[in-house]
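Residue numbers (the numbering used here): -15 to 403.
For every residue, glycine included, the Cβ atom is placed at its ideal position computed from N, Cα and C.
As the structure is a prediction and not an experimental result, all values here were calculated from the model.
Below: one structure, written as structure tokens.
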Amino acid sequence: MGFVGILKTSHEQAIADRLIRRSSFAFGPRPFRLIGPLPHWPLAPTDRRMTSTLERTPLYDWHVAQQGRMVDFAGWAMPVQYTSIVDEHSATRQRATVFDISHMGRLRFDGSRAGEFLDTLTTRRVADLPIGGIRYSLMTNQRGGILDDVLVYHLETPSGTAYFLLVVNASNRAKIVQWIDEHRPHEFGVAMSDRTEETAMIAVQGPRAIEVVEPLIDAKVATMKYYTGRVTRQMNKVCIVSRTGYTGEDGCELIVKAEDAPRVWENLLLAGREVGLQAAGLGARDTLRLEAAMPLYGHELSEDIHPFQAGLGFAVNLRDRDFVGRTSLLKLKDDDSIRRVGLELSGRRVPREHYQLFDGEQFVGEVTSGTFSPTLDRPLAMAYVASAVAQSGRELTVDIRGTRLPARIVDLPFYKRPA
């Protein structure tokens, strides 16, 4: 797989490469292919169309018309950027941006025991989730390895029907659907429906995001607590609004019917003109989440990593319940072999995934994600290192193409939004 177009900087190319590698993670090794020739910049919209083998979000035509650089991401044609990654990153930190995240899987569960059933598969208790509540959780295999990190919503329709919604990573959607089917006892009487392709999901992120969204929604979004959601209406059309996020900034997400998505997207951009709202792609989403130290599946998270190594022990409830992987996690909860840490470097060279880390001459770990931080103006990375050297302030070295450069362990997250 390759990009249709030429990325403007080597840094943006590296981000794109990392996103492509994530795309291939869940599907095993396969050759990447160029989707059409590599024309000169700028590109006409007709030159940027992806092959018909990729899934398209309801906003695909808009992305192409606006010169979005399209990439095959987990089998979806997705925009990695429109202007530049740095510009879109900075707009999110300073104003607000809108992201198409319709590639994320959305699975609905109906039935009086839906919460009880999901509680048998998630590391965090969700059976007691109140209407309007959302919880970040994990799904693990029998060994305690992470199958995916997920969001569990408990919602209620306008007619009073309660149901659960599971939002999963695009690259893991097929795997999770199969896993759920394999672990769904008939006695629970739970119906699962995949709503991914019949809906769209839009994220609005940034310090001015809520003032853009609230006039368009029949809900007091500003008063909604973090990690809550509700079914409401947007321009007389049913939608779900939630307050989570993957950028380290304030904001919300809208889930709407696929046919309503272009209108909702255009309404958001129109409503946000005065605050400088703009569209942002997967490239900025990646640099933003890295500054906020949010783990990315296929990099910080995998079936070979358990929640305690990843620093996600808060999302594991072991007491008075049972779920797939619990027996193994009981044994692993005191495992202190490796730990996820943050790294800061001076200079401009960026440590990339799989670059090796050393304490003196001893190999102690490797980088999982790295970028040059537009906000902090320095190279940052997350890594797994031996716990013996995982102290904040510890000086390690990272091998960047044969040259070892100093890398200091720092507390996570790298960035916190102003209070």
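For residue i, the three-state DSSP class (helix, strand or coil)
| i | result |
| --- | --- |
| residue 372 | helix |
| residue 164 | helix |
| residue 383 | strand |
| residue 101 | helix |
| residue 269 | helix |
| residue 7 | Its pLDDT being 44, under 50, residue 7 is placed unreliably in this model, and the coordinates cannot settle the point. |
| residue 245 | helix |
| residue 356 | strand |
| residue 134 | strand |
| residue 71 | helix |
| residue 50 | coil |
| residue 319 | coil |
| residue 363 | strand |
| residue 399 | coil |
| residue 126 | coil |
| residue 159 | helix |
| residue 393 | strand |
| residue 82 | strand |
| residue 425 | Since the first residue of the chain shown is -15 and the last is 403, residue 425 is not available in this structure. |
| residue 61 | strand |
| residue 118 | strand |
| residue 297 | helix |
| residue 388 | strand |
Selection from the options that minimises the alpha carbon distance to residue i
| i | options | result |
| --- | --- | --- |
| residue 301 | 346, 144, 310 and 126 | 310 |
| residue 364 | 259, 351, 209 and 374 | 351 |
| residue 269 | 122, 295, 239 and 233 | 233 |
| residue 146 | 176, 170 and 115 | 115 |
| residue 84 | 185, 136 and 142 | 185 |
| residue 143 | 164, 346, 222 and 280 | 222 |
| residue 231 | 202, 248, 266 and 244 | 266 |
| residue 248 | 291, 271, 201 and 282 | 201 |
| residue 271 | 354, 329, 281 and 319 | 354 |
| residue 159 | 133, 171 and 174 | 133 |
| residue 154 | 169, 171, 141 and 178 | 178 |
| residue 71 | 358, 282 and 333 | 358 |
| residue 356 | 298, 349, 336 and 345 | 336 |
| residue 386 | 395, 403, 306 and 333 | 333 |
| residue 415 | 382, 37, 281 and 371 | Lying before the first or after the last residue shown, residue 415 is absent from the chain, which here runs from -15 to 403. |
| residue 166 | 45, 104 and 251 | 104 |
| residue 384 | 254, 331, 118 and 74 | 331 |
| residue 298 | 46, 120 and 81 | 120 |
| residue 306 | 252, 176 and 111 | 111 |
| residue 327 | 283, 382, 285 and 37 | 382 |
Contact belief for residue i with residue j at Cβ below 8 Å, rounded distance in angstroms
| i | j | result |
| --- | --- | --- |
| residue 276 | residue 368 | With 8 Å as the limit, residue 276 and residue 368 do not qualify as a contact, their Cβ atoms being about 18 Å apart. |
| residue 60 | residue 76 | With a Cβ gap of about 21 Å, residue 60 and residue 76 do not count as contacting. |
| residue 136 | residue 113 | 7 Å |
| residue 340 | residue 322 | Incorrect: roughly 14 Å between the Cβ atoms, too far for contact. |
| residue 124 | residue 313 | 7 Å |
| residue 55 | residue 48 | With 8 Å as the limit, residue 55 and residue 48 do not qualify as a contact, their Cβ atoms being about 12 Å apart. |
| residue 397 | residue 329 | Rounded, the Cβ-Cβ distance is 17 Å, inconsistent with contact. |
| residue 236 | residue 188 | 6 Å |
| residue 79 | residue 259 | 6 Å |
| residue 263 | residue 51 | So it is not a contact: roughly 11 Å between Cβ atoms. |
| residue 176 | residue 284 | With a Cβ gap of about 28 Å, residue 176 and residue 284 do not count as contacting. |
Neighbour-count burial assignment, residue i, 16 or more Cβ in a 10 Å radius
| i | result |
| --- | --- |
| residue 360 | exposed |
| residue 422 | Since the first residue shown for the chain is -15 and the last is 403, residue 422 is missing from the structure and cannot be characterised. |
| residue 210 | exposed |
| residue 375 | exposed |
| residue 218 | buried |
| residue 109 | buried |
| residue 440 | A question about residue 440 goes unanswered here, because the residues of the chain that appear run from -15 up to 403. |
| residue 244 | buried |
| residue 401 | exposed |
| residue 162 | exposed |
| residue 395 | exposed |
| residue 81 | buried |
| residue 279 | buried |
| residue 403 | exposed |
Own chain residues within Cβ distance below 8 Å of residue i, not counting five before or after
| i | result |
| --- | --- |
| residue 139 | 115, 116, 146, 147, 148, 149, 213, 214, 215 and 224 |
| residue 39 | 59, 60, 61, 87 and 181 |
| residue 319 | 290, 292 and 293 |
| residue 174 | 93, 94, 95, 97, 98, 101 and 168 |
Own chain residues within Cβ distance below 7 Å of residue i, not counting five before or after
| i | result |
| --- | --- |
| residue 183 | 90, 239, 240, 241 and 242 |
| residue 289 | 129 and 130 |
| residue 316 | 128, 290 and 292 |
| residue 203 | 214, 216 and 225 |
| residue 287 | 125, 129, 130 and 131 |
6 Å CB neighbourhood of residue i in its chain, flanking five on each side removed
| i | result |
| --- | --- |
| residue 378 | 393 |
| residue 373 | 343 and 348 |
| residue 273 | 230 |
| residue 252 | 82 |
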